[in-house]
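4 protein chains.
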Amino acid sequence: MSTLESKYKAVRSMTRSLVATLSAEDQMVQSCPEASPVKWHQAHTTWFFETFVLRPFLADYRPFREELHRLFNSYYISLGEEIPDKKLRASFSRPSLDEVLAFRAHVDQEMERLFAGSIDDEASRRILLGLNHEQQHQELALTDIKHAFFSNPLRPSYGSATLPKEHPQPIPQLKWLNFEGDLTEIGYSLNSEEPLDFCFDNETPRHRVYLEPFQIASREVTCREYLEFMSDDGYMRPELWLSDGWEAIEREGWEAPLYWERDPGDETGWRVFTLKGWHELSELLDTPVCHISFFEAEAFARWRGSRLPTEAEWESVAGKARRHGNLLDTGRLHPAWANDAGVEQLSGDCWEWTASPYTGYPGYKPLPGALGEYNGKFMSSQMILRGGSCVTPADHVRATYRNFFHPATRWQFTGIRLAI
Amino acid sequence: MSTLESKYKAVRSMTRSLVATLSAEDQMVQSCPEASPVKWHQAHTTWFFETFVLRPFLADYRPFREELHRLFNSYYISLGEEIPDKKLRASFSRPSLDEVLAFRAHVDQEMERLFAGSIDDEASRRILLGLNHEQQHQELALTDIKHAFFSNPLRPSYGSATLPKEHPQPIPQLKWLNFEGDLTEIGYSLNSEEPLDFCFDNETPRHRVYLEPFQIASREVTCREYLEFMSDDGYMRPELWLSDGWEAIEREGWEAPLYWERDPGDETGWRVFTLKGWHELSELLDTPVCHISFFEAEAFARWRGSRLPTEAEWESVAGKARRHGNLLDTGRLHPAWANDAGVEQLSGDCWEWTASPYTGYPGYKPLPGALGEYNGKFMSSQMILRGGSCVTPADHVRATYRNFFHPATRWQFTGIRLAI
Amino acid sequence: MSTLESKYKAVRSMTRSLVATLSAEDQMVQSCPEASPVKWHQAHTTWFFETFVLRPFLADYRPFREELHRLFNSYYISLGEEIPDKKLRASFSRPSLDEVLAFRAHVDQEMERLFAGSIDDEASRRILLGLNHEQQHQELALTDIKHAFFSNPLRPSYGSATLPKEHPQPIPQLKWLNFEGDLTEIGYSLNSEEPLDFCFDNETPRHRVYLEPFQIASREVTCREYLEFMSDDGYMRPELWLSDGWEAIEREGWEAPLYWERDPGDETGWRVFTLKGWHELSELLDTPVCHISFFEAEAFARWRGSRLPTEAEWESVAGKARRHGNLLDTGRLHPAWANDAGVEQLSGDCWEWTASPYTGYPGYKPLPGALGEYNGKFMSSQMILRGGSCVTPADHVRATYRNFFHPATRWQFTGIRLAI
Amino acid sequence: MSTLESKYKAVRSMTRSLVATLSAEDQMVQSCPEASPVKWHQAHTTWFFETFVLRPFLADYRPFREELHRLFNSYYISLGEEIPDKKLRASFSRPSLDEVLAFRAHVDQEMERLFAGSIDDEASRRILLGLNHEQQHQELALTDIKHAFFSNPLRPSYGSATLPKEHPQPIPQLKWLNFEGDLTEIGYSLNSEEPLDFCFDNETPRHRVYLEPFQIASREVTCREYLEFMSDDGYMRPELWLSDGWEAIEREGWEAPLYWERDPGDETGWRVFTLKGWHELSELLDTPVCHISFFEAEAFARWRGSRLPTEAEWESVAGKARRHGNLLDTGRLHPAWANDAGVEQLSGDCWEWTASPYTGYPGYKPLPGALGEYNGKFMSSQMILRGGSCVTPADHVRATYRNFFHPATRWQFTGIRLAI
């Protein structure tokens with residue numbers, strides 16, 4: 001079996017295992033506009049292989065069902081005659097989950113037939129893209145189901161176990177690490193020799209940027225530190241906030257991170273909803289604060305007399321090497337305590353908001369056609385996040401990886417690293 | 001078995017049979033704010049018996065699950081600590097349909113235990129009310145699933161058969177029937193001798209009203225007649241419309257009844273979505289026009305040089321006798337052709353919009369407590385409809401029955417009877 | 001000078017005097033969607049005479065300026081090619097107030113020319129209608145400027161004097177007056193012999209209604225009585241409210257009548273904004289409560305164990321006779337204390353919300369053409385008010401007069417009379 | 001008279017002359033949320049001097065009127081007890097224009113008293129800031145009144161003359177000018193020796209950036225070129241647009257620049273509203289296209305196979321030198337034809353959208369306190385524009401000047417310069 005085929009099987013099987021405990025009803029919920037039903041994630045990622053791989057590259061491929069082509073297209077405007085309104089996803093009782101699973105099985109079977117033959121280079125590239133695409137939706141499925149369960153009045157739990165309560169040692173002090181500025185390079189260069197080498201188009205081209213000297217924090221900001229900001233009236237002092245951020249506070253009534261609820265029974269006054277049910281905040285005080293917007297990260301940094309790093313600073317610290325941390329494969333599904341070892345938590349735990357708006361790198365070219373509608377068309381009013389989170393597949397993220405969300409987004413596992 | 005117990009079993013079993021073909025996923029959909037998921041209808045009607053009958057009247061009753069008490073309360077504000085936002089119903093993946101069915105089974109079993117003993121008069125009255133309540137939700141479940149399937153991009157069909165295409169004879173001309181005005185009586189007087197006698201509180205007290213002489217149409221307005229209104233630019237002439245109606249047209253973009261879609265393949269240019277799938281409008285031209293708002297009914301009447309009847313006129317024509325027509329028990333699930341026999345279609349086919357806003361009759365008193373939150377609190381900005389529709393249970397409706405909706409409502413089976 | 005011409009001059013001159021103290025800037029403000037700028041009121045009422053009287057009935061009439069024809073049309077959809085969006089009125093810096101006053105002068109001059117000749121009957125009827133129309137806008141101009149000044153951060157005062165503080169005597173107890181029900185008549189019959197006899201089309205035809213026996217309160221509800229309702233958590237108990245009313249409370253945050261503001265300096269905790277500036281609520285406790293919605297009136301009545309009268313009950317009490325009370329001519333511009341003399345305050349002080357939705361009387365026919373767009377097209381989702389207020393011109397209102405507003409309206413001088 | 005005092009007098013007098021032809025009513029209009037009434041601009045700029053200069057630096061200064069302090073604060077959240085809702089500005093009939101002019105006169109008189117003495121350095125800096133602030137509002141006043149007059153149904157004209165119709169020569173072809181990339185510097189360094197030297201805080205610090213080689217267009221894009229984009233279905237092809245831009249098109253119904261209206265009488269099918277009234281588009285074809293959003297600029301560039309320049313590229317081309325072009329002092333008040341001389345139209349005509357989101361430069365520090373609320377707090381979701389427009393005061397703008405607006409903004413004089 002080729003390494004590509006192995007990877008295909010591993011990724012597809014991971015999707016199956018992540019949703020194994022969710023009922024057909026659970027997989028229909030869309031609890032906020034940013035989210036999609038889990039059933040949709042399963043179908044849409046499968047649609048990708050049918051549309052971009054099997055149809056063009058497998059002779060005599062017979063599509064599973066013509067209507068699904070139109071239904072599970074998301075933002076690929078170039079392809080579709082019409083785009084089903086994202087808000088209508090909630091009416092997707094049909095196709096049923098059973099039919100979607102049959103669609104997945106059909107595509108897997110046909111992909112096996114494709115792998116059995118010799119595979120075109122362009123087909124390989126698209127399969128690799130499709131697998132990275134599916135990994136993105138694995139992460140989204142977990143963040144979406146967390147929100148769905150939080151919105152459900154019964155507040156069910158995704159995972160059966162609870163989070164481990166004890167951590168081995170006091171967590172390290174936040175230290176400032178010095179970096180000399182200079183002309184440096186960021187971005188990814190694909191190695192055409194290595195068949196599984198991959199990056200998204202928005203990580204290219206690798207290019208030079210000039211950095212002034214800077215300092216970066218040795219770990220992510222903890223709930224304990226964030227609680228101090230809250231106690232210091234952080235959410236009530238307009239001078240700490242960007243104008244749009246203050247508006248968001250007034251519109252949304254934010255007074256704590258998403259998933260925190262008042263709990264007079266806990267010494268901190270709060271409890272926290274996780275993928276493994278409710279936990280007292282007092283148990284999680286030294287874990288990274290999570291599910292905050294860019295506005296909150298930015299205001300916290302101002303309050304602390306510091307700032308958020310730019311993405312170039314962040315990447316120059318993280319280097320090009322793949323790093324490991326508390327990613328999806330740890331099975332924890334929640335940010336964990338830092339250990340004392342250099343710059344911690346760059347990989348995993350929380351996506352870290354940077355000070356950089358999402359734009360194209362100099363010379364950036366999107367992929368041609370519908371495949372290029374992935375990244376480039378979102379380059380306005382979004383902010384870059386770096387590093388992956390506790391629900392990012394471990395072999396999906398890298399130092400050059402650019403995630404992006406609107407600055408008011410909170411349903412992702414998003415946290416803070418400071419710089420000065 | 002008492003007649004009450006028989007009725008209980010009949011009504012509960014009817015609910016089961018109406019939803020038998022719907023999957024758990026189908027039963028979760030809420031496709032417009034007026035609608036509720038079918039699963040919710042099943043749970044909420046069961047909650048009624050638990051809350052108002054079993055808890056107070058069955059010794060040592062053990063509630064099925066405490067949380068469901070809060071969840072399936074709808075508008076009974078007096079009872080609940082908090083009301084789950086109607087819009088959140090779409091996140092009700094939990095409790096699962098299986099659990100809701102277990103809830104129904106539990107309550108049915110306990111009701112059997114209650115029926116086995118001697119039943120308090122107040123309990124009897126509440127059971128009867130609960131059964132009429134469940135019948136209302138049977139009708140709503142059908143109108144809601146029609147909308148849900150229409151909203152689904154695959155446009156599935158609720159019923160397997162299609163509508164019968166042929167009708168035995170040309171339908172009768174619309175005739176004007178004369179009624180002398182005078183002091184007359186409307187409203188219901190309960191016969192306390194008859195154990196199953198029932199009406200809603202808003203049908204009482206029976207009272208006198210003075211009517212001027214009037215004429216009423218012998219049948220409902222047909223699609224063919226409505227098409228003439230459309231061809232005469234009915235939707236484009238503001239002078240035909242109430243001010244709020246014209247606003248609704250501009251806001252909603254109405255240009256035909258709900259469920260009509262343009263179809264160049266049909267001679268009329270339209271096709272119609274029914275509970276039994278799509279039909280060419282040309283097959284349905286002589287059936288009553290359906291799924292129109294009060295505003296459309298009122299504008300049509302003005303265009304025809306006539307008007308809508310008041311509810312007192314309507315009731316004085318219909319008399320107090322129970323009448324039969326094309327109600328739920330015919331299984332047609334769509335309005336049918338009129339026959340030539342006096343005043344037709346007063347019962348069944350379409351709910352008929354009247355010219356009367358919904359208010360309390362002179363001396364009206366709601367039931368005490370939460371049971372009184374049914375009808376009285378909706379007495380503003382709604383219009384009275386009379387007669388039942390093709391999805392109203394046959395033993396549910398009567399001549400004095402007062403249905404009510406906001407004037408822009410279209411998802412119910414609503415049509416037009418004219419008066420002058 | 002004919003009586004019609006005298007009336008014309010009196011009404012037009014009253015408009016001038018009511019707005020005499022308002023600057024061009026004041027006359028441009030539109031502070032809520034229900035309101036219009038005072039400059040617009042001045043222009044629109046003049047437009048009426050140009051459009052419906054001078055153009056058709058004065059030979060060789062030269063319109064003042066063609067564009068104004070389109071601009072000052074309000075809801076007369078039949079006439080206009082396009083309707084200027086009501087919300088755009090705030091951009092009406094042009095035409096300037098000077099130009100509007102020139103328009104008024106031009107029309108007055110031409111009307112003089114018309115009066116100099118012999119006047120067609122239809123022209124007379126339209127002039128009379130135009131004068132009643134202008135009187136309606138006089139009242140609206142005062143309610144609108146009250147809202148405009150309340151919305152302005154400097155909170156200027158319309159009148160220079162303050163309200164008289166003392167009242168001669170303790171106000172009378174609220175008494176219940178008995179009325180026998182029976183077949184009775186309501187509505188207006190025009191006396192074609194009397195040239196100045198007038199009513200609006202919606203007051204006709206006079207017709208019979210059957211009334212059950214009822215009791216009506218001897219005076220309007222006072223601020224003191226309303227304060228008891230507030231102290232008894234009236235705004236916090238959903239069981240007291242219609243469903244739409246409770247929604248309005250939650251949406252709007254109502255906790256007191258419009259124009260009441262918290263004032264810790266007053267013993268009642270409130271102060272009240274009037275057309276003559278701020279007053280402590282403690283000075284006004286025995287005056288009628290004012291600027292409340294139908295929902296508040298209805299909830300108050302329920303809390304008191306009573307109800308609002310129907311319009312037929314109200315009119316059968318008020319009789320057909322013109323009555324006098326605290327209307328615009330007293331110059332008070334705020335509701336006054338009741339005196340002890342039969343049914344008080346039926347005329348003036350506050351418009352009284354009735355339990356009757358606004359519909360056409362049996363046999364109602366609107367005036368033909370654009371003149372008929374006045375009343376009939378608003379017959380949905382509005383409630384009838386009766387009796388006039390302290391800003392209604394004294395010779396404008398009568399017992400059969402039907403005012404109507406949406407049930408959430410508060411910017412008019414609206415209050416409560418109870419019935420049982 | 002000091003140069004600072006001269007500048008003070010010149011700027012204040014320019015404001016007077018720009019609004020000289022506007023009536024009190026014109027100065028009250030606020031026709032879109034981004035705009036403010038001209039009266040407000042006059043008051044707010046005066047408030048600046050009272051608040052930041054006279055109160056702290058002029059002994060025994062007596063404020064003109066205490067309430068105005070609160071009223072004319074805009075976004076200076078740190079100062080105010082409460083911020084009058086921006087939307088309420090439309091109810092500002094009071095203070096009257098007369099009172100605002102008296103306020104201006106009072107402050108000018110007191111400033112004269114201040115200038116008569118010796119002036120503190122901090123006071124000087126603030127006066128300079130206040131003058132630059134007032135110049136910004138001069139530009140805003142013109143863009144706001146343009147929108148106000150366009151919104152008014154009579155469509156009045158601000159200027160009495162019309163635009164000159166003829167231009168001396170064919171305009172130059174669009175050429176691509178090459179620039180070598182390299183480490184370069186952008187941003188402003190204040191010369192503390194020069195008393196009138198000024199920049200805004202967001203232009204600092206001057207810092208290094210690395211640029212790849214690039215090409216930039218020799219002039220702005222013309223209406224003729226933009227019309228080709230429109231003819232090629234530019235507004236109908238989603239693949240040309242950013243996702244947010246496509247949403248804006250669908251929401252707003254854009255199909256041409258703001259101020260273009262269909263005109264079948266002109267050969268191009270369009271006419272254009274300017275500060276000097278309507279002009280046929282055919283007269284303006286070779287002038288820069290204006291009043292387009294960032295989304296339109298970006299889509300046009302993609303359609304042309306090019307892109308927008310970054311702000312660093314733009315500034316490296318423009319250099320640090322002050323340049324002259326078609327700015328406010330030409331009196332044209334509309335973009336003009338390019339001439340053939342190097343890189344044209346960098347200064348004046350239209351603000352040029354860049355590809356750079358608005359963020360702080362490395363090491364950026366806002367001014368302390370309320371004066372710092374100017375720029376820094378808007379650093380999210382806005383795009384940088386460079387170069388000034390035909391309504392920017394000539395001595396206000398410079399090569400380092402950073403203007404910023406949300407990407408959907410169109411009411412400013414905004415156009416396109418291309419890069420590759």
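Chains as they are written, first to last, in the UniProt record's numbering: chain P, 1 to 420; chain Z, 1 to 420; chain B, 1 to 420; chain R, 1 to 420.
For glycine and all other residues, C-beta sits at the position ideal for the given N, C-alpha and C.
Keep in mind it's a predicted model, so treat the numbers as computed, not measured.
Query, Result
"Burial state of P/C223, where buried means 16 or more other Cβ atoms lie within 10 Å", "buried"
"Inter-residue CB distance, R/F52 and R/R113 (contact presumed, cutoff 8 Å)", "16 Å between Cβ atoms; not a contact."
"Where the alpha helix (DSSP H) containing B/D244 begins and where it ends", "243-252"
"Cα-Cα separation, Z/Q345 to P/V19", "52 Å"
"7 Å CB neighbourhood of Z/K7 in its chain, flanking five on each side removed", "L131, L196"
"Reduced DSSP category for B/E82 - H, G, I as helix; E, B as strand; rest coil", "The pLDDT assigned to B/E82 is 40, lower than 50, so where the model puts this residue is not dependable; a value taken from the coordinates is nonetheless given after this. Here B/E82 sits in coil by DSSP."
"Residue closest to B/G325, alpha-carbon to alpha-carbon, out of B/C350, B/L418, B/A297", "B/C350"
"The stretch 260-272 of chain Z in contact with the stretch 10-30 of chain B per 3-pair CB rule at 8 Å", "no"
"Z/S356 versus R/N152 - alpha carbon distance", "42 Å"
"Under the three-state DSSP convention, the category B/Q412 falls into", "coil"
"Assigned exposure category for R/P407 - 16 Cβ within 10 Å defines buried", "buried"
"Chain-ordered residues of the UniProt domain \"Sulfatase-modifying factor enzyme-like\" (338-419) of chain R with a beta carbon less than 7 Å from chain P", "A355, P357, T359, P362, G363, K377, F378, M379, S380, S381, P407"
"Beta carbon proximity, B/R208 to chain Z, threshold 8 Å", "yes"
"Own chain partners of B/M28 with C-beta closer than 7 Å, once the 5 adjacent residues on each side are dropped", "P37, K39, F92, S93"
"Contact with chain R by B/L88, beta-carbon distance below 8 Å", "Caution is warranted here: a pLDDT of 49 is assigned to B/L88, below 50, making its placement in the model unreliable, and the coordinate value is therefore given only provisionally. Cβ-Cβ to chain R under 8 Å: yes for B/L88."
"Inter-residue Cα distance where the pair is P/P205 and R/W241", "22 Å"
"Local Cβ density within 10 Å of P/A105, reported as buried at 16 or more and exposed below that", "exposed"
"First through last residue of the beta strand (DSSP E) which encompasses R/D182", "182-186"
"Beta bridge counterpart(s) of Z/L177 as assigned by DSSP", "Z/I216"
"beta-carbon R/K146 near the ligand ATP non-hydrogen atom, thresh 7 Å", "In terms of ligand content, the structure shown is empty, and the ligand ATP therefore cannot be addressed."
"Contact under 8 Å by Cβ, R/W303 with R/F214", "no"
"Proximal residues of chain B, C-beta to C-beta of R/N152 below 9 Å", "L88, S91, F92, S93, R94"
"Which listed residue (B/P309, B/S381, B/H147) has its alpha carbon closest to that of B/R33", "With the sequence shown as reference, residue 33 of chain B is identified as Pro, and Arg is not the correct amino acid for it. Selected option, being the one with the closest Cα: B/H147."
"Backbone secondary structure at B/H207 - three-state DSSP", "strand"
"CA-to-CA distance, Z/L54 to B/T354, given in whole angstroms", "41 Å"
"Members of the stretch 20-54 of chain B near chain R, C-beta cut-off 7 Å", "S23, A24, E25, D26, M28, V29, S31"
"Inter-residue CB distance, B/E194 and B/T400 (contact presumed, cutoff 8 Å)", "In fact, because the Cβ distance is near 15 Å, the residues do not count as touching under 8 Å."
"Chain-ordered residues of the stretch 169-193 of chain P with a beta carbon less than 8 Å from chain R", "L183"
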